[in-house]
Amino acid sequence: MKFFLDTANLDELKKGAAWGIVDGVTTNPSLIAKEGNPIEEQIKKICDIVDGDISAEVIAVTHREMVEQGKSLAKIHKNVVIKCPLTRDGIIATNELAKSGYRVNVTLCFSAAQALIAAKAGAYIISPFVGRLDDIGQDGMDLIRQIVTIYENYGYKTKILAASLRSTNHVIDSAIAGAHIGTMPFKVMDALFTHVLTDKGLEQFLKDYSKVFHDAPVPVGV
Ligand code: E4P
55 MKFFLDTANL
65 DELKKGAAWG
75 IVDGVTTNPS
85 LIAKEGNPIE
95 EQIKKICDIV
105 DGDISAEVIA
115 VTHREMVEQG
125 KSLAKIHKNV
135 VIKCPLTRDG
145 IIATNELAKS
155 GYRVNVTLCF
165 SAAQALIAAK
175 AGAYIISPFV
185 GRLDDIGQDG
195 MDLIRQIVTI
205 YENYGYKTKI
215 LAASLRSTNH
225 VIDSAIAGAH
235 IGTMPFKVMD
245 ALFTHVLTDK
255 GLEQFLKDYS
265 KVFHDAPVPV
275 GV
């Protein structure tokens with residue numbers, strides 16, 4: 055499973071990249087706006103930190119403008135994946151961009167029907183939003199399972215990116231369901247490292263060693 059960081063924050067990306075387990079980045083207009091820099095500038099900086107797929111979302115609402123904006127975002131760096139919303143115009147734009155060889159991440163997917171449409175349009179990635187479905191009382195993970203089955207049934211190459219992941223359980227359940235990619239906020243990726251028995255075990259190992267050799271380091275967070 056590939057791990058993407060769902061952030062446009064450069065400090066978080068630098069910390070995550072140093073772990074060596076970050077395969078890409080997803081951004082959206084809200085995440086870009088939070089950092090206060092224009093999208094072109096921020097995406098360029100992100101591409102300098104993480105070597106992998108970097109999703110950059112169009113803010114246009116008509117397919118013509120989406121195509122135009124998408125092409126200009128793709129010029130920023132070879133790793134940029136154009137992100138289009140799952141609207142009728144977004145699907146027309148996806149079709150056109152995919153036919154011209156651009157990679158498109160179709161975002162804001164909340165149903166299996168929408169995921170089927172995105173695959174038919176030639177999307178490189180589909181982004182079903184798990185957390186936001188949970189928020190309205192639906193089972194977001196069920197959607198991941200449905201899309202995995204449907205794509206397998208027809209051999210669609212579109213990659214399933216489990217988005218809007220809010221917890222370590224979301225990441226694990228997406229992996230069990232067979233999502234190709236999980237995108238998560240920095241704090242969720244950070245939490246994946248943690249287990250109380252790892253901390254306790256290391257503390258004990260070092261204590262036992264230092265009792266005999268007196269030179270073991272004291273663990274300060276694993
Ligand atoms: C990723 O591509 C999405 O924009 C993101 O995962 C949305 O997450 P949120 O529902 O936590 O805002």
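When the letters of the sequence shown are read in order and numbered with the numbering used here, they come out as residues 55 to 276. The C-beta atom is built at its ideal place from N, Cα and C for all residues, glycine as well. Quick caveat: nothing in here was measured; it's all calculated off a predicted structure.
G185 sits in a helix when the DSSP states are folded into three classes.
DSSP places D269 outside both helix and strand once states are collapsed to three, so it counts as coil. In the displayed model, T212 falls within coil according to three-state DSSP, outside both helix and strand. Using a 10 angstroms sphere on the CB of Y178, the tally of other CB atoms reaches 16 or more, which defines it as buried.
For D244, the uninterrupted alpha helix (DSSP H) segment begins and ends at 240-246. Contact annotation: the region 100-119 touches the region 134-141, with at least three C-beta pairs closer than 8 Å. Excluding residues up to 5 positions away in sequence, A62, L64, L67, V79, T81, I108 lie with their Cβ nearer than 8 Å to the Cβ of I100 in the same chain. Per DSSP, V134 is one residue of the beta strand (DSSP E) stretching across 134-139.
DSSP places K56 within a strand segment (E or B) once states are collapsed to three. DSSP places T80 inside the beta strand (DSSP E), whose first and last residues are 78-80.
A Cβ-Cβ separation of about 6 Å places P182 in contact with A217 under the 8 Å criterion.
By the Cβ test, the region 137-156 is in contact with the region 113-124, since at least three Cβ pairs between them sit closer than 8 Å. For T80, the CB falls within less than 7 Å of some heavy atom of the ligand E4P. Per DSSP, the beta-bridge partners of E111 are K137. In this structure the region 223-232 lies against the region 189-207, because at least three pairs of beta carbons, one per stretch, are closer than 8 Å. Per DSSP, the continuous beta strand (DSSP E) segment holding L162 begins and ends at 158-163. One alpha carbon belongs to I190, the other to N159, and they sit about 24 Å apart.
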